[in-house]
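Remarks on the structure that follows.
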Amino acid sequence: MISKNSKERRKKLHSDMQLFHFCAISKLMDSSKPENYHVATKAFVRNGEDILICYDANNDTWDLPGGRIGRGEFGIPLEKILDREIIEELGVSFWRNSTFRRTC
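If you read the sequence shown in our numbering, its first letter stands for residue 3, the second for the next number, and so on.
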């Protein structure tokens with residue numbers, strides 16, 4: 003059970019949080035077709051001086067939350083794709099009370 007105090011802290015966290023959205027494009031180095039690229043949408047989440055980064059234990063790397071845009075998703079708004087990716091990775095959605103700023 004979540005205490006009232008915990009709910010209040012979480013509400014404040016969401017109201018203070020700033021969410022910056024950007025796209026990243028990287029070339030597929032191991033592809034048999036040199037014109038193939040990965041296109042990803044990532045979030046830079048800041049709460050005061052704290053920044054959210056995620057640890058990927060499979061690759062022993064740190065990264066911003068987000069993920070690749072699928073082939074059939076190019077007509078879908080980037081915010082929806084990013085929200086889905088963040089829910090998949092973290093189990094939460096930041097969109098409800100966050101300040102959202104697009105950087106690309």
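Think of the CB as a built atom: it goes at the ideal place given N, C-alpha and C, for glycine as much as any other residue.
Please work out which residues of its chain come closer than 7 Å, Cβ to Cβ, to residue i, disregarding the five sequence neighbours upstream and downstream, and give them in chain order.
i          : result
residue 84 : 23, 43, 45, 68
Could you compute how far the alpha carbon of residue i sits from the alpha carbon of residue j?
i          : j          : result
residue 88 : residue 56 : 10 Å
residue 12 : residue 64 : Low local confidence applies: a pLDDT of 46 at residue 12 is under 50, so the model's placement there is unreliable, with the coordinate-based value given in what follows. One C-alpha to the other measures close to 24 Å.
residue 72 : residue 86 : 12 Å
residue 62 : residue 91 : 16 Å
residue 82 : residue 53 : 21 Å
residue 51 : residue 66 : 16 Å
residue 47 : residue 70 : 18 Å
Using a Cβ-Cβ cut-off of 8 Å (strictly less than) and excluding sequence neighbours within five positions of residue i, which residues of its own chain qualify?
i          : result
residue 94 : 88
Report the partner residues of residue i according to the DSSP bridge assignment.
i          : result
residue 58 : 63
Considering Cα atoms alone, identify which of the options is closest to residue i.
i          : options        : result
residue 41 : 52, 91, 66, 76 : 76
In the DSSP assignment, find the alpha helix (DSSP H) that holds residue i and state where it starts and stops.
i          : result
residue 78 : No alpha helix (DSSP H) contains residue 78, which DSSP labels as neither H nor E.
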